[in-house]
Amino acid sequence: MNGLSVELKNLTPNWLGRHLLFWLTVNTGLSVAHSMSISRFWENVQTTYLFLPYNMILVYAALYWVLTPILQNQYRPFVYRLLIYLIGGWIFTYLYRAFVLIPFRTGKLALFPTYHEIFTLGAWIIGLVVVGVAVGVKLYRFWYQREQANQRLIRETLTVELQVLKAQIHPHFLFNTLNNLYSLTLRQSPLAPDMVLKLSGLLHYMIHECNVPTVLLAKEIDFLRNYIDLEKLRYGSRLTVSITIQGEMGSTSIAPLLLIPFVENAFKHGSAKQIGSAHIEFVIKLTDNQLTFRLENSRDKQAISDDYSGLGLTNARKRLELLYPNTHTLIIRPEAERFVVELTILLRPEWNRSTLQTIDY
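So the sequence shown is numbered by this note's numbering: it starts at 251 and just counts up by one.
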């Protein structure tokens, strides 16, 4: 009775409307089907609606008693209930014919129906067809609602995971930048105030403008430029940086802070560990909503064994897999004297609207 009690609690206008529409459709269909072989249309309609209580009892017994165990993956109780339902349905068919249908047609109570009247299969078969249709609708709605619930759970899990990954970017970025600022203050560099000012602008963008699923690609590129300018204050003339931007950015959007881990990595594991001059080259190209990001930084030969799978790159990989599944390629290639990152992302506008904007992170 658990299924029935749950449904009784959910007797909303929407539920009643759906069931009313179902029965109107079923009875109209049966009336039309019967009238094709019987010329007395209104008499046939009357008979069809006389079967309505019979069909309703069969249908609701199946939906809210027989099906309940199988929807909960309880197969043995389902088999028992199904056997009871089939036997009880046959008996119910006999009683309904004997005490309702035959008296309605003949005006007499049929306490002892004929052999043909008892064992005729017409009403029982029609009833099972109606039950089959109702069960099919029920199972489809159950499957659809479960799929919707699974999709909501996936989105919620994805949101939480993205929030965790993104939350790790902020302290990681701030820690690295404060280290740079600390090194300048130790040298009592006059560049320290400028670095603090630039850091303030970067943090403003991260805190106030990145709390959305997507940001304009042009803004993200400006953020990268500002970060590079911040790092150039630290390295001075021993670092040369080449930036190439190709394509019309327009209203193209991208997940925020997606590229900064690769840029940070270039400075942290490349320039910072080189004794002599260092070089970093950035190429960002947008062609038909396909973003190509290529980064190449120089490095010393003895640094070839360095670990380039730290927190920043690990988080970047995970975010790409979650936000751009099957629409990106990432190649990270450490070589003897340079470190290369090649990333391509298909930034489909309709995908950005329908997918990214359903994720609140």
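Ideal placement from N, C-alpha and C gives every residue a C-beta, glycine not left out. Quick caveat, the model's predicted, so the values are computed rather than measured.
Return helix, strand or coil for residue i, following the three-state DSSP convention.
i	result
residue 576	coil
residue 373	helix
residue 547	strand
residue 301	coil
residue 281	helix
residue 511	helix
residue 592	strand
residue 251	The predicted position of residue 251 is uncertain, since its pLDDT is 49 and thus under 50; no value can be drawn from it.
residue 583	strand
residue 487	helix
residue 541	strand
residue 564	helix
residue 264	helix
Quick check on the burial criterion: 16 or more other C-beta atoms within 10 angstroms. Buried or exposed for residue i?
i	result
residue 506	buried
residue 323	exposed
residue 503	buried
residue 309	buried
residue 586	exposed
residue 392	exposed
residue 527	exposed
residue 283	exposed
residue 354	exposed
residue 263	exposed
residue 377	buried
Would residue i pass as a contact of residue j if the rule is Cβ separation under 8 angstroms?
i	j	result
residue 531	residue 514	no
residue 277	residue 299	yes
residue 399	residue 313	no
residue 509	residue 470	yes
residue 536	residue 486	no
residue 512	residue 481	no
residue 580	residue 596	no
Along the chain, where does the alpha helix (DSSP H) that runs through residue i open and close?
i	result
residue 318	317-321
residue 343	325-346
residue 356	352-356
residue 531	Premise fails: residue 531 lies in the beta strand (DSSP E), 528-537, not in any alpha helix (DSSP H).
Since I believe residue j is in contact with residue i (beta carbons under 8 angstroms), could you give me their beta-carbon distance rounded to a whole number of angstroms?
i	j	result
residue 529	residue 490	5 angstroms
residue 320	residue 328	4 angstroms
residue 476	residue 452	6 angstroms
residue 474	residue 499	Wrong, their Cβ atoms sit about 13 angstroms apart, outside the cutoff.
residue 347	residue 373	6 angstroms
Counting along the chain, where does the beta strand (DSSP E) carrying residue i start and finish?
i	result
residue 349	Looking at the DSSP string, residue 349 is not in any beta strand (DSSP E), and its letter there is neither H nor E.
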